[in-house]
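These protein sequence lines map, in sequence, to chains A and B. Per the working numbering, numbering of the first sequence is gapless, rising by one per residue and ending at 281. Per the working numbering, numbering of the second sequence is gapless, rising by one per residue and ending at 1281. Think of the CB as a built atom: it goes at the ideal place given N, C-alpha and C, for glycine as much as any other residue. No experiment lies behind these values; they were computed from the predicted model shown. See structure below.
There are 2 protein chains.
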Amino acid sequence: MTPYYEDDFATIYHGDCAEVLASLPSESVDAVVTSPPYAEQRKATYGGIREADYPGWTVRWMEPLKRVLKPDGSVLINIRPHVLGGQISDYTLRTRLALRDAGWAELDELIWMKKGGGPPLGHSGRPRRSWESLHWFGLDGRAWCDPVANGAPSESIGGLRDGRAATAGWKHLGGHQNEPRPGISRSLDVATFSTRNNPNDSADTNHPAPYPPKLAAWCVRLICPPGGVVLDPFSGSGSTGVAAIANGRRYVGVDVVEEYAAMSARRVSKEPPVLDFGGAA
Amino acid sequence: MTPYYEDDFATIYHGDCAEVLASLPSESVDAVVTSPPYAEQRKATYGGIREADYPGWTVRWMEPLKRVLKPDGSVLINIRPHVLGGQISDYTLRTRLALRDAGWAELDELIWMKKGGGPPLGHSGRPRRSWESLHWFGLDGRAWCDPVANGAPSESIGGLRDGRAATAGWKHLGGHQNEPRPGISRSLDVATFSTRNNPNDSADTNHPAPYPPKLAAWCVRLICPPGGVVLDPFSGSGSTGVAAIANGRRYVGVDVVEEYAAMSARRVSKEPPVLDFGGAA
DNA sequence: CATGCTCTTGAATCCCTAG
DNA sequence: CCTAGGGATTCAAGAGCAT
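Written out as structure tokens, the structure is:
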């Protein structure tokens, strides 16, 4: 399939994601980081998947990934139930079970916590909904992950206190005792970022559902090794691509809406790539 | 059924919760706040419900609540999947769907965020799991809730700026424009508390799964009106009871293990009740 | 360069009214 | 009685500017 845009670090396709994914080489992608259209949302641009159809729709677009992903690759999906009549929808539950039934391994439940609580809208008689799920699936339970990538420097990691090397989450990645990556704590399963986009990008991020680039970067660093390939089948404004390139990964984006494929290409092409894989990981 | 312990503010039963609940008067409980034994956990004391049985087991113990709860009462359940072979268990998903199938309305997904990340345990190659779910169910979508009870004082509530009364989450509770409860923002759907118990309680809280009293208090204030009755069918060390009484509610606790019924009675009887329902709400 | 103010803007829901 | 559409609600982040 012919790319809509291509450079050394990014490839953007305009087309239906199932078709595009079917055309990608086997084991060519390390990680998928995406925020698909939620059920009943974005009707204007994506047709608005109905709740009842959502689990099957998700299983279908993810099926080609079983071939396209590397064996230790994984998928991070941001979806969220809506509230109707004071009750939350169940389509995310049913989607998770459908993916398990389809053979996917559910690795963990990660959370995006909206700093400051996010927009104060919603049901005025209920607590403000201030977090969203990042559902993490892999081909099996052994998916690649760097638990230290988003960790904070720490003064109290066990090894530093008693003279042993600090190897939290590091031996796991093949590190050796004599080259420890010391003083960084394991990250939590929660990413805390404001909902706001970078206002500098505002002209180029006119998309109904952009998530903040900092969140995308957190996800990329967690599940894609440095120098690897990140895929977003619902590229939208291209935030995942920007985050991937800014963190020394390559990007493959897909969008069925030409305007968004163009927007992704524009933003991705402007992002100065980071090639220093050594320290930033 | 004869209570194991009883005073003006608390009643503790020693027995199987399904039997005890069946013996309680209709519409006598405003809210249930509980942390049942997780699947495959606490085998020594509770027999260790198997994962496959967990949804049915939950539906069964909750069934009598449809009669015992007031029509606008609701239930807050703290359970958590475990990790095995790098994959999370699905029993909480299936339990939520089973409760929906049984006619319960799922009102929201609330979260307990463990301040500081909680114990740094778990799989060392993965992010530290630092939150747990509080699943909120009601008889229908109109359950009682005070969205402001746990809110923080705010200087920037809309009404304060332009002279209108600030009635966030207050009109909902029957407040009038001329008696606003101003300057308190709606709480978030996240409760952030450390995992630590009050060290003063340590002698009396030797229970395998105590959640912190501050978390229980947050839950009580959210879903039980001042002066109402809070029920915990898995009373354990009695933290829910302590929180209820300290916040001007009454408590009904049940535990199948006599040692825990006794522990609940002991802690509850020591807690000085708060009777000033006026301001603390 | 800190500090403080104004200004804008949200992946929202509910209620009420009109048909 | 059910459906569809429009108005009301409400607050933190961050930029830009003034002090």
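In this structure, B:Asp1255 keeps its C-beta atom at 8 Å or more from the C-beta atom of B:Ala1246.
Burial check for A:Thr95: the Cβ neighbour count within 10 Å reaches 16 or more, so the residue is buried.
Using beta-carbon distances, B:Ile1111 counts as an interface residue toward chain A, with a partner under 8 Å. When C-beta atoms of the stretch 109-116 of chain A are compared with those of the stretch 52-72 of chain A, fewer than three pairs fall below 8 Å, so the two segments do not count as touching. Taking a Cβ-Cβ cut-off of 8 Å, the neighbours of A:Ala105 in chain B comprise Gly1086 and Gln1087, given in sequence order. Per DSSP, B:Glu1109 is one residue of the beta strand (DSSP E) stretching across Ala1105 to Lys1114. Here the stretch 122-129 of chain A does not lie against the stretch 45-64 of chain A, with fewer than 3 beta-carbon pairs under 8 Å apart. Of the candidates A:Glu259, A:Gly227 and A:Phe234, the residue whose Cα lies closest to the Cα of A:Asp8 is A:Gly227. Taking the CA atoms as reference points, A:Ile49 sits about 19 Å from A:His135.
The three-state reading of DSSP puts B:Pro1213 in helix, counting H, G and I together. When 8 Å is used as the limit between beta carbons, A:Ser130 is near these residues of chain B: Leu1188, Asp1189 and Val1190, in chain order. At least one C-beta of chain B is nearer than 8 Å to the C-beta of A:Asp90. In this structure, B:Val1242 and B:Pro1213 form a Cβ contact; the two beta carbons are roughly 6 Å apart against a cut-off of 8 Å. B:Arg1221 does not reach chain A, its nearest Cβ partner there being about 11 Å away, counting only Cβ pairs nearer than 8 Å. A:Val68 sits close to A:Ser28, with the two beta carbons spaced by under 8 Å.
Counting along the chain, A:Tyr13 sits inside no alpha helix (DSSP H); it lies in the beta strand (DSSP E) bounded by residues Ala10 to His14.
Here the alpha carbon of A:Gly85 sits roughly 12 Å from the alpha carbon of B:Gly1138.
By the Cβ-count criterion, B:Ala1217 is buried, with 16 or more other Cβ atoms from all chains shown falling within 10 Å of its own Cβ. For B:Ala1152, the three-state secondary structure derived from DSSP is coil.
For the stretch 230-256 of chain A, the full-length alpha helix (DSSP H) segments reaching 4 residues or more read 239-246 along the chain. Under the DSSP assignment, A:Leu69 falls in the beta strand (DSSP E) whose first and last residues are Leu69 to Ile79. In the DSSP assignment, A:Ser133 forms a beta bridge with A:Ile79 and A:Ile111. In this structure, DSSP gives B:Ala1018 a helical state, which the three-state scheme calls helix. When DSSP reads this structure, B:Tyr1005 sits in a beta bridge with B:Ile1012. Around the CB of B:Ser1187, 16 or more other CB atoms lie within 10 Å, so the residue is classed as buried. In the DSSP assignment, B:Thr1058 falls within the unbroken alpha helix (DSSP H) covering Tyr1054 to Met1062. Residue contact with chain B for A:Arg196: absent (no Cβ-Cβ distance below 8 Å to any residue of chain B).
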